[in-house]
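**Student:**
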Amino acid sequence: MARVLVVEDDQFVRSALIRHLSDAAHTVRSVGTALEALREVAQVGFDVVVLDLGLPDLDGREALKMLRGITDVPVIVATARDDEAEIVRLLNDGADDYLTKPFSVEHLSARMAAVLRRAHGSGGPPPSQVLRVGGLTVDPLRRQAALDGAPLDLTRREFDLLAFLAGRPGVVVARKELLAEVWQQSYGDDQTIDVHLSWLRRKLGETAASPRYLHTLRGVGVKLEPPQEVPPQAGPRP
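Residue numbers (numbering that gives the first Met the number 0): 0 to 237.
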């Protein structure tokens, strides 16, 4: 079972979450402020953090960024904000998943299970195989990736997505398959995939409008392949 940190200032909600997660055999610690959460994460190892955004001392987005500065532990954000742009910003800031309040403890448990499965392996290629696609190398065993010899600073989710695609170079992978294999979910929002693809593209030095490695086929899926060589232009005839 998992070691869980619940960051929630509402005592009633905290008590309910602690009771349910403890009944499910998880080890649970809880705090009511962002600064306490940072202290706990720095001192104690956790498998997942459930982070409420409405904290009394820091804005939840700032708390998330600070957490990401000291740990890559999976973070599930609990928010009353259902604005699409805000959700995208949270995913860009490093959230692994989110829940919109109010939510059931069963829903939280399902999201936790999915996040933990992703953290412990994405169903990608054999970990002993170093993958090479053009100037891109991906080492699943060491969880390291490099582009033209320069290391890439990737989040866990970005690495899992890149490794999965690199194990199938040139193959168009359907979004449904990405959700099932990388996100370990049988359903989900395409926006989640788009956010992580956009983030990954920036780190590969490309854009959706001018792709080099990552190519999206509208309505079909995504593929990763080496950049196409541009043939030299013939000079003028003598």
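Every residue gets a Cβ at the ideal spot worked out from N, C-alpha and C, and that includes glycine.
#1: For Thr-191, count the other beta carbons within 10 Å of its own beta carbon; 16 or more makes it buried, fewer makes it exposed. Which is it?
#2: Measure the alpha-carbon distance for Ala-1 versus Gly-44 and round it to whole angstroms.
#3: For my contact list, Ile-69 and Val-40 are in at a C-beta cut-off of 8 Å; report their separation, rounded to the angstrom.
#4: How would you label His-195, buried or exposed, when you count the other beta carbons within 10 angstroms and need 16 or more for buried?
#5: Taking Cβ to Cβ, would you say Ala-144 is nearer than 8 Å to Leu-160?
#6: Could you tell me the alpha carbon to alpha carbon distance between Glu-7 and Pro-168, rounded to whole angstroms?
#7: Count Cβ pairs between the segment 47 to 66 and the segment 75 to 84 that sit closer than 8 Å; are there 3 or more?
#8: Which one or two residues does DSSP pair with Leu-222 in a beta bridge?
#9: Restricting to runs no shorter than 3 residues, where is the beta strand (DSSP E) found entirely within the segment 37 to 75?
#10: So Ala-36 and Leu-4 are supposed to be a Cβ contact under 8 Å. How far apart are they, rounded?
#11: Which partner residues does Thr-26 have in the DSSP bridge list?
#12: Which same chain residues, not among the five before or five after Pro-226, have their C-beta less than 7 Å away from its C-beta?
#13: Taking just the CA atoms, how far does Thr-32 sit from Val-12?
#14: Ignore the nearest five residues each way along the sequence and tell me which others in Glu-157's own chain have a CB closer than 8 Å to its CB.
#15: Compute the Euclidean distance between the alpha carbons of Arg-155 and Asp-9, then round it to the nearest angstrom.
#16: With DSSP run on the structure shown, which of helix, strand or coil describes Thr-191?
#17: Could you tell me the alpha carbon to alpha carbon distance between Leu-130 and Glu-176, rounded to whole angstroms?
**Tutor:** Let me spell this out:
#1: buried
#2: 11 Å
#3: 6 Å
#4: buried
#5: Not closer than 8 Å, so no.
#6: 43 Å
#7: yes
#8: Just to set this straight, residue 222 is Lys in the shown sequence, not Leu. Answer is His-214.
#9: 47 to 51
#10: 7 Å
#11: Arg-2
#12: Gly-133, Arg-211, Tyr-212
#13: 14 Å
#14: His-195, Trp-198, Leu-199, Lys-202
#15: 30 Å
#16: In the three-state reduction of the DSSP assignment, Thr-191 falls in the helix class, which pools H, G and I.
#17: 20 Å
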